[in-house]
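Only one structure is covered here, and it is reproduced in the block below.
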Amino acid sequence: MADNLSDTLKKLKITAVDKTEDSLEGCLDCLLQALAQNNTETSEKIQASGILQLFASLLTPQSSCKAKVANIIAEVAKNEFMRIPCVDAGLISPLVQLLNSKDQEVLLQTGRALGNICYDSHSLQAQLINMGVIPTLVKLLGIHCQNAALTEMCLVAFGNLAELESSKEQFASTNIAEELVKLFKKQIEHDKREMIFEVLAPLAENDAIKLQLVEAGLVECLLEIVQQKVDSDKEDDITELKTGSDLMVLLLLGDESMQKLFEGGKGSVFQRVLSWIPSNNHQLQLAGALAIANFARNDGNCIHMVDNGIVEKLMDLLDRHVEDGNVTVQHAALSALRNLAIPVINKAKMLSAGVTEAVLKFLKSEMPPVQFKLLGTLRMLIDAQEAAEQLGKNVKLVERLVEWCEAKDHAGVMGESNRLLSALIRHSKSKDVIKTIVQSGGIKHLVTMATSEHVIMQNEALVALALIAALELGTAEKDLESAKLVQILHRLLADERSAPEIKYNSMVLICALMGSECLHKEVQDLAFLDVVSKLRSHENKSVAQQASLTEQRLTVES
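Counting with this note's numbering, you get residues -16 to 541 for the letters of the sequence shown.
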């Protein structure tokens, strides 16, 4: 066979130049046969023979053997070591030109060849995108949708190209959404649908394409799948239910597509999604809660949903997952409640519905994602003084917050715990809340929070500490001293990078600390007057005025 192959390659070199049709066809058939028997070895010989360089001239639209040449390239490019030689032989450009052919066999083999050459190479795939293959392939899918092999080739190509961010704009300028939805509606086989899903998921990450998919009727297809598969225990059906409902949630991440489906809360899609929440299927509960969290991305939607009883549905769902519950469902339901609590008008309604009690049942959770959403939901709800006071006196909650303030492996949980501690003080302005936080060891965390890299968190900490100093300085002074608050304030005032509001609140806090003998002494020892007097000429008027007041206070007290 080895001798035959060598002879074939020699003969092919001659006939490729002469373009003797019959001999050429015969040589190409022999090569395809050899590749079918031993692809790797044959590919190595093809590379060594230098024949690849001649293939470009056989890929012209006029060539009668272009389909076979493209097929050979597709076969050799299955081997990773052959892909760069194919590129170096200049085969990509003529192959791309052949995508304009009317011949279905040529199109199929050309698509395979390009797919295999560019497999796993983002740079080569990007090159194809720049050469305009996306609109060409979308057009092919529309024309040849009856040809199963060609359709599959297009879908595989879309799946690979859609992973690249640079492809999304080109896809958005075609009618890909319409073509894929049309194709999806015709498919009954699981594998074929799965293939289309694999293209839809990366495409649906683009907001423009999300809207196109919604307008093309994809949501109705997905809802139908959910309805068909919800009670099945077949593995394929369970997979399809998950993929379909996940994709539905993804479509809701786009502002325009989400609003179109919400339809003022009257939309049939929104109503159907609501019915998923009380379902007994965990996947549907999860998708339903995530969908509500996505619908709850603007105040109007949030207000409408709270007025129409969504909170009770979500609390019932959480109740079903308190003991050994599904963590992803807990996380999704808490996300939805947190978003719903953002509009001011919803907070009192949600508090009176018992949301804090429902959320506090998850205090014992050891799952950081659940902890993070629990904290965020509580923080959104406690703008009202009464709610902040009630929660701030809850010793179990405050102790858990103090514990989570040390969750160094989970920056989100740590940050939210600190912010909630500070919010309890700022909104309650209550001596009892401050005492609870002091007794639970929370002061040191608020002092550390004043050094955060986030200005908003620094500010929240300084305002809370100023309230502590104004209302309960005697109770907190030892903790403030051991946390080195005075030294930190000196550093914040001396640092030119500190934001104006940080400087302002640091000086307010310094004045409030003067009522404590030990802290007063620390202020005097650190020569605050020098730092403060420089701030009298600060460009921010509020900072300059507070510097004058603070300087007077320091001078009188010295």
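Every residue, glycine too, gets a C-beta built ideally from N, C-alpha and C. None of these values were measured; they are calculated from a predicted model.
Going by DSSP, what residue range makes up the alpha helix (DSSP H) through residue i?
i: Val310; result: 310 to 323
i: Cys501; result: 500 to 508
i: Cys204; result: 201 to 212
i: Ser481; result: Taken as a continuous stretch (DSSP letters only), Ser481 belongs to no alpha helix (DSSP H), as it is neither H nor E.
i: Val421; result: 414 to 422
i: Asn54; result: 49 to 59
i: Arg280; result: Unbroken run through Arg280: none, as it is neither H nor E.
i: Asp462; result: 438 to 465
i: Ser405; result: 394 to 411
i: Asn99; result: 87 to 100
i: Met350; result: Looking at the DSSP string, Met350 is not in any alpha helix (DSSP H), and its letter there is neither H nor E.
i: Cys69; result: 66 to 71
i: Ser32; result: 22 to 32
i: Met333; result: 327 to 335
i: Asn113; result: 105 to 113
i: His173; result: 173 to 186
i: Ser240; result: 238 to 245
i: Val116; result: 116 to 126
i: Asp190; result: 190 to 198
i: Thr157; result: Counting along the chain, Thr157 falls outside any alpha helix (DSSP H), and DSSP gives it neither H nor E.
i: Met298; result: 293 to 302
Using the Cβ count rule (16 or more neighbours within 10 Å means buried), how would you classify residue i?
i: Val116; result: buried
i: Ser(-11); result: exposed
i: Glu479; result: exposed
i: Asn(-13); result: exposed
i: Met(-16); result: Bear in mind that the predicted position of Met(-16) carries a pLDDT of just 45, short of 50, making it unreliable; the figure below should be weighed with that in mind. By the neighbour-count rule (16 or more Cβ atoms within 10 Å), Met(-16) is not buried but exposed.
i: His437; result: exposed
i: Ala53; result: buried
i: Asp216; result: exposed
i: Val256; result: buried
i: Ala270; result: buried
i: Leu301; result: buried
i: Asn442; result: buried
i: His105; result: exposed
i: Gly283; result: exposed
i: Pro261; result: exposed
i: Lys504; result: exposed
i: Asn83; result: exposed
i: Gly98; result: buried
i: Thr533; result: buried
Roughly how far, in whole angstroms, is the beta-carbon of residue i from the beta-carbon of residue j, given that I think they are within contact range, below 8 Å?
i: Ile286; j: Ile275; result: So it is not a contact: roughly 14 Å between Cβ atoms.
i: Ala495; j: Ala449; result: 5 Å
i: Val89; j: Ala50; result: 5 Å
i: Glu295; j: Ala331; result: The Cβ separation is near 16 Å, so there is no contact.
i: Arg280; j: Asn329; result: Not a contact, Cβ separation roughly 14 Å.
i: Glu240; j: Val289; result: Residue identity check: residue 240 is Ser in the sequence provided, not Glu. That pair is no contact at about 23 Å.
i: Gln268; j: Val338; result: Not quite, the Cβ-Cβ distance comes to about 18 Å (not below 8 Å), so this is no contact.
i: Leu472; j: Ile451; result: Incorrect: roughly 14 Å between the Cβ atoms, too far for contact.
i: Val514; j: Ala477; result: 5 Å
i: Leu317; j: Lys356; result: 4 Å
Could you check whether residue j and residue i sit closer than 8 Å to each other, using their CB atoms as the reference points?
i: Gln535; j: Leu509; result: no
i: Val378; j: Ser413; result: no
i: Ala544; j: Met397; result: In the structure as shown, the chain starts at -16 and stops at 541, and residue 544 therefore has no counterpart that could be examined.
i: Leu553; j: Leu244; result: In the structure as shown, the chain starts at -16 and stops at 541, and residue 553 therefore has no counterpart that could be examined.
i: Thr157; j: Pro118; result: yes
i: Val232; j: Ala199; result: no
i: Asn401; j: Met440; result: yes
i: Cys10; j: Lys(-6); result: yes
i: Cys101; j: Leu111; result: yes
i: Leu429; j: Arg362; result: no
i: His314; j: Pro352; result: yes
i: Ala453; j: Ala406; result: no
i: Leu445; j: Ala459; result: no
i: Leu60; j: Cys48; result: Note on residue identity: the sequence assigns Ala, not Leu, to residue 60. No, Cβ-Cβ distance for Ala60 and Cys48 is not below 8 Å.
i: Gly248; j: Asn189; result: no
i: Leu166; j: Ala140; result: no
i: Val252; j: Leu206; result: yes
i: Lys193; j: Leu234; result: yes
i: Lys85; j: Leu37; result: no
i: Lys486; j: Leu463; result: no
i: Glu386; j: Ile417; result: no
i: Ala530; j: Met490; result: yes
i: Gln254; j: Lys225; result: no
i: Leu81; j: Thr93; result: yes
i: Gln108; j: Leu144; result: yes
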